[in-house]
Amino acid sequence: MLLGKYRPTINADGTENWKIPGPDSYNTLAKNDGNMYFDLGSDYDVAMTKYKLSYQEMFDYLNVPALDDAASVGKAIKFSHNPELPAYKGSFTELEWKYLQDKYDYLYLREEGGFWYGEK
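Numbering (the numbering used here), first residue to last: -8 to 111.
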């Protein structure tokens, strides 16, 4: 399963288009590599508003089951962006890594080929 940061497309005028994932976005990288990934796309904000959910609730209700599905059957876990970097403090990327460490005993990240693999 590929996890990581959602990154926007950069328009010709330099503005960010958050409706279209950029080439360095985790979901674009996952599609290109044929990896399993979780993505609500533009429905993320709709679901959050409609059900009046906090970011933590969104994580608990949506990300956690996807992480459980992958980790419980031994799927390889890799990140497109290093979740331990200070820039990702408090992000879902960091929360996903901490959850996997706490629940599934992942110990460290191994960088290889521009990805960070969760290792036990």
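No residue lacks a Cβ here, since even glycine has one placed at the ideal position from N, Cα and C.
Beta-carbon proximity check, residue i vs residue j, cutoff 8 Å
i                : j                : result
phenylalanine 86 : phenylalanine 50 : A small fix is needed here, since residue 86 is leucine in this sequence, not phenylalanine. For leucine 86 and phenylalanine 50, yes; Cβs fall inside 8 Å.
alanine 21       : leucine 53       : no
asparagine 18    : tyrosine -3      : yes
glycine 25       : histidine 72     : no
Nearest residue (CA-CA) to residue i, options the options
i            : options                         : result
alanine 3    : Leu76, Gly13, Asn26 and Gly(-5) : Gly13
threonine 84 : Lys69, Tyr95, Asn8 and Asp60    : Lys69
valine 55    : Tyr95, Leu76, Trp9 and Gly104   : Tyr95
Buried or exposed (CB count within 10 angstroms, at least 16 for buried), residue i
i              : result
leucine 98     : exposed
alanine 67     : exposed
tryptophan 107 : buried
glycine 109    : buried
tryptophan 88  : buried
leucine 58     : buried
alanine 130    : Outside the shown range of the chain, which is -8 to 111, sits residue 130, and nothing can be said about it.
tyrosine 35    : exposed
Simplified DSSP state of residue i, which is helix, strand or coil
i                 : result
phenylalanine 106 : strand
phenylalanine 70  : strand
For residue i, the residue or residues it bridges with in DSSP
i          : result
leucine 98 : Leucine 98 is not bridged to any residue.
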